[in-house]
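Before any comments, here is the structure.
In the working numbering, the protein residues as written are 6 to 196.
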């Protein structure tokens, strides 16, 4: 899970009213008027808080005629709550370690003297070493448009789309709305 999504989840729960709404919805689906009545709040206030919980995927909706019933998305709640425990452990996958000798050998075997990638390795461990080497050219905390990412990756290999996809799949980078950001190394699949 991307770090910003973990933060957004915890921000959404950083309000007492939202926590109370979640507690109510654990007992079963309710419509907005019922939630407002039970919490002693006005419906527009409930609508605002429901929207915040919906943004992080915690609320599901079901319409019956003119009434919308809200229910708790427990799978998202549990998964998001547990995600913070995976930070620094490589996420929800097996972390792979590589010695410096192995890393140097792989880089030497797969890159030409001028820094071009000869081929994209098929073996997972080697591919991760190559991706970790390539991603270090990005600046942590900076958001890159897709075009800029493509231009950078073209310096290494003509199949920049595959490299870009692998960087996302192996959690080296995060993509949203055609913008890319480097994940912290704690989320990478390779140490």
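Beta carbons are placed, not taken as given, at the ideal position from N, Cα and C, and that holds for glycine.
Between residue 47 and residue 41 a beta carbon distance of about 6 Å is seen, short of the 8 Å cut, so the two are scored as contacting. Rounded to whole angstroms, the gap between the alpha carbons of residue 147 and residue 136 is 18 Å.
Where residue 134 is concerned, the enclosing alpha helix (DSSP H) starts and stops at 129–140. In the structure shown, residue 77 adopts extended strand secondary structure according to DSSP, grouped into three states.
Residue pairing for residue 116: DSSP places it in a beta bridge opposite 122. Rounded to whole angstroms, the gap between the alpha carbons of residue 30 and residue 75 is 7 Å. Residue 72 carries a strand assignment under DSSP once its states are collapsed to helix, strand and coil. Sorting 53, 184, 58 and 168 by C-alpha distance to the C-alpha of residue 28 places 58 at the top.
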